[in-house]
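A.B. asks:
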């Protein structure tokens with residue numbers, strides 16, 4: 002997750018321990034990332050200050066990026082700071098603001114105090130070179146933003162805030178997570194949710210640098226679900242995320258996960274709407290009870306017979322409101338249930354895309370561009386380009402003396418397999434009731450050897466690959482048909498049989514070597 006103020010507090014402590022009193026030897030930059038090379042006690046450390054909007058952070062790295070073209074701002078940093086001593090590092094209040102205090106020794110003027118101020122504010126992330134509280138230079142120059150002049154020679158001002166410092170935090174069971182973030186500076190929504198469930202001061206939580214591979218995020222303790230990796234330092238955990246982002250699959254995984262989150266949110270909203278609709282189905286009984294009562298229907302009441310009423314209206318009007326709510330709820334349930342089924346189908350589709358992406362190699366990522374374009378993966382200007390220049394689909398094919406085995410590892414490949422390649426008398430294999438690749442077998446006879454080889458390949462290219470006795474369905478290709486309105490990976494089958502197979506990894510390696 003992005004830095005918050007509490008996370009920043011512990012990060013500043015770590016950086017102080019590692020690089021304070023170090024000499025700054027060199028500075029270089031590459032796009033939005035700045036590397037500061039420090040030397041102390043025969044050891045070099047590399048500080049990475051990253052201004053990327055989606056990952057504004059600073060941390061020590063063992064993998065500094067190569068030097069890019071020297072921009073004017075980088076030149077200013079080099080001119081004013083190289084050769085200086087980093088005296089200490091501080092955090093501004095409990096905000097996502099880190100101040101690096103330097104002493105630079107001039108031959109004539111003697112020691113000069115200078116600062117670098119890093120604001121890790123997402124898309125507003127910025128880096129300042131300060132002397133005597135004046136901006137010498139700034140990475141993002143803006144004349145006025147939130148009343149601040151972000152230009153050289155202007156007085157530097159911190160962001161104004163009325164929030165309490167996070168160090169003043171006290172547990173209050175009446176506050177919601179959102180209210181916590183609005184009250185305290187430096188407490189993120191995710192941390193606030195944890196604090197609402199656990200009466201503990203965030204500064205008392207033991208530092209346990211944690212990285213989530215699933216979310217490609219890190220934090221100073223484990224706030225994540227699923228598999229995590231723990232590191233010795235916060236910098237190592239932050240550095241792991243950067244390395245992970247170099248994976249060419251990352252943009253696709255990010256897009257799929259964001260879509261899954263939207264579907265999960267929509268599903269939760271629909272469930273609440275359905276529950277509310279079921280409650281309003283009881284309004285018909287309330288309306289009936291009003292008309293069956295012995296009260297004057299023209300009079301106004303707040304409550305009768307345990308039924309809460311709107312006393313601005315007569316009993317008759319309240320009854321009509323109840324009937325109207327009942328009719329509305331009855332009509333909406335059909336729509337809501339249809340929407341829920343649609344969301345569940347979409348969730349299944351994107352879960353399948355995630356599996357297919359996990360099993361793909363780098364050469365197959367072009368397939369995923371075409372698969373995800375209809376969902377908004379690329380900008381409109383690029384959609385037309387891809388429609389005009391669709392690449393040739395390549396499928397993994399294995400041949401032996403008895404058969405040809407063709408494997409569709411994603412929806413695009415399965416579409417080609419279904420629409421272009423498959424013949425009625427071919428055989429189709431797929432792991433039973435789980436995500437997996439479609440496998441087409443062309444042979445004169447489905448011998449025991451072909452059956453077991455095809456089943457093992459289908460099991461290997463599935464989400465059950467680490468299991469034993471894996472069930473695999475197979476049938477003639479003519480009994481396989483696409484499901485209307487769904488990607489090609491979703492099919493209906495008839496006359497299928499099931500074989501249970503264990504994977505022999507040595508055999509699989511041999512099969513794939515011959516592909």
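Numbering (this note's numbering), first residue to last: 2 to 516. Ideal Cβ positions, reconstructed from N, Cα and C, are used throughout, including at glycine.
So what's residue 519 in DSSP terms, helix, strand or just coil?
C.D. replies: Residue 519 cannot be examined here, being either before or after the span of the chain that is shown, 2 to 516.
A.B. asks: Which two residues bound the contiguous alpha helix (DSSP H) that contains residue 158?
C.D. replies: Premise fails: residue 158 is in no alpha helix (DSSP H) and is neither H nor E.
A.B. asks: Give, in chain order, every unbroken run of the beta strand (DSSP E) that is at least 3 residues long and sits entirely within the stretch 149-212.
C.D. replies: Fully enclosed beta strand (DSSP E) runs of 3 or longer: 149-151.
A.B. asks: Skipping 5 residues on each side, what residues in its chain have a beta carbon closer than 8 Å to that of residue 221?
C.D. replies: Excluding positions up to five away in sequence, the list reads 7, 8, 11, 12, 206, 208, 209, 210, 211 and 235.
A.B. asks: Do you know offhand how far residue 481's Cα is from residue 495's?
C.D. replies: Each residue's alpha carbon lies about 7 Å from the other.
A.B. asks: Just curious, the alpha helix (DSSP H) that residue 506 is in, first and last residue?
C.D. replies: Its alpha helix (DSSP H) spans residues 506-514.
A.B. asks: For residue 502, which residues in the same chain have their Cβ closer than 7 Å to its Cβ, ignoring the five residues on either side in sequence?
C.D. replies: Excluding residues within five positions, the ones whose Cβ falls inside 7 Å are 453, 456, 457, 460, 471 and 473.
A.B. asks: Using the C-alpha atoms, what's the distance from residue 64 back to residue 103?
C.D. replies: Using only the alpha carbons, I get a separation of about 24 Å.
A.B. asks: Which whole-angstrom value is the C-beta distance of residue 28 and residue 78, which I expect to be below 8 Å?
C.D. replies: Sure, about 5 Å apart at Cβ, within 8 Å.
A.B. asks: Taking the alpha carbon of residue 441 as the point to measure from, which residue in 90, 449 and 421 has its own alpha carbon closest?
C.D. replies: The shortest Cα separation from residue 441 among 90, 449 and 421 belongs to 421.
A.B. asks: Would you mind stating whether residue 290 and residue 316 have Cβ atoms separated by less than 8 Å?
C.D. replies: Result no, Cβ atoms of residue 290 and residue 316 do not sit closer than 8 Å.
A.B. asks: Buried or exposed: where does residue 201 fall if 16 or more other Cβ atoms within 10 Å of its Cβ makes it buried?
C.D. replies: So residue 201 ends up on the exposed side.
A.B. asks: The beta strand (DSSP E) that contains residue 431, what's its start and end?
C.D. replies: 428-432 is the span of the beta strand (DSSP E), which, as asked, contains residue 431.
A.B. asks: Between residue 143 and residue 130, which are expected to be in contact by the criterion C-beta below 8 Å, what is the C-beta distance as a whole number of angstroms?
C.D. replies: Their Cβ separation, rounded to whole angstroms, is 16 Å, which puts residue 143 and residue 130 out of contact at 8 Å.
A.B. asks: Going by DSSP in three states, residue 15 sits in which element: helix, strand or coil?
C.D. replies: Reduced to three states, the DSSP call for residue 15 is helix.
A.B. asks: How would you write the range of the beta strand (DSSP E) that residue 492 sits in, first residue to last?
C.D. replies: 492-494 is the extent of the beta strand (DSSP E) around residue 492.
A.B. asks: Using 8 Å as the Cβ pair cut-off and three pairs as the minimum, do the stretch 154-165 and the stretch 178-186 touch?
C.D. replies: Yes, they touch.
A.B. asks: Excluding five sequence neighbours on each side, which residues of the same chain lie with their C-beta closer than 8 Å to the C-beta of residue 20?
C.D. replies: 39, 41, 46, 48, 61, 87 and 90.
A.B. asks: Three Cβ pairs or more, each shorter than 8 Å: is that satisfied between the stretch 434-448 and the stretch 405-423?
C.D. replies: Contact between the stretch 434-448 and the stretch 405-423 is present, because at least three Cβ pairs lie under 8 Å.
A.B. asks: Just to confirm my understanding: we take residue 58, look at its own chain, exclude 5 residues before and 5 after, and list those with CB closer than 7 Å. What are they?
C.D. replies: Cβ neighbours of residue 58 beyond the five flanking positions: 4, 51, 121 and 239.
A.B. asks: Excluding the 5 residues preceding and the 5 following residue 140 in the sequence, name in chain order all residues of the same chain whose CB lies nearer than 7 Å to its CB.
C.D. replies: Only 52, 74, 127 and 128 meet the Cβ criterion.
A.B. asks: Nearest-angstrom Cα distance between residue 337 and residue 271?
C.D. replies: Rounded to whole angstroms, residue 337 to residue 271 spans 6 Å at the Cα level.
A.B. asks: So, for residue 17: in the same chain, excluding its five sequence neighbours on each side, which residues have a beta-carbon less than 8 Å away from its beta-carbon?
C.D. replies: Hits under 8 Å: 89 and 90.
A.B. asks: Closest to residue 416 by CA distance: which of 468, 490, 325 and 26 is it?
C.D. replies: Of 468, 490, 325 and 26, the residue nearest in Cα terms is 490.
A.B. asks: Need the endpoints of the alpha helix (DSSP H) that residue 74 sits in, please.
C.D. replies: Where residue 74 is concerned, the enclosing alpha helix (DSSP H) stretches over 73-82.
A.B. asks: How far does the beta strand (DSSP E) with residue 102 in it reach, from first residue to last?
C.D. replies: 98-107 is the span of the beta strand (DSSP E), which, as asked, contains residue 102.
A.B. asks: Report the option in 72, 106, 96 and 66 whose CA atom is closest to the CA atom of residue 84.
C.D. replies: Nearest of 72, 106, 96 and 66 to residue 84, Cα basis: 106.
A.B. asks: To the nearest angstrom, how far is the alpha carbon of residue 133 from that of residue 265?
C.D. replies: Spanning the two alpha carbons is a distance of roughly 51 Å.
A.B. asks: To the nearest angstrom, report how far apart residue 37 and residue 23 are at their CA atoms.
C.D. replies: If I take the Cα positions, the gap works out to 11 Å.
A.B. asks: Assign residue 282 to one of two classes, buried (16 or more other C-beta atoms within 10 Å of its C-beta) or exposed (fewer than that).
C.D. replies: So residue 282 counts as exposed.
A.B. asks: Where does the unbroken beta strand (DSSP E) through residue 49 begin, and where does it stop?
C.D. replies: Taken as a continuous stretch (DSSP letters only), the beta strand (DSSP E) holding residue 49 covers 44-51.
A.B. asks: Hey, could you find the ends of the beta strand (DSSP E) residue 439 is sitting in?
C.D. replies: Residues 439-444.
A.B. asks: Among the residues of its own chain, which have a CB less than 7 Å from the CB of residue 223, if the five just before and after it don't count?
C.D. replies: Here the set comprises 209, 211 and 229.
A.B. asks: Quick one: what's got a C-beta closer than 7 Å to residue 154's C-beta in the same chain, skipping five residues either side?
C.D. replies: Contacts found: 135 and 136.
A.B. asks: Can you tell me which of 465, 215, 161 and 508 puts its alpha carbon nearest to the alpha carbon of residue 450?
C.D. replies: Closest option to residue 450, Cα to Cα, is 508.
A.B. asks: Within 8 Å, do at least three Cβ pairs link the stretch 347-354 to the stretch 303-316?
C.D. replies: They do not touch, by the three-pair rule.
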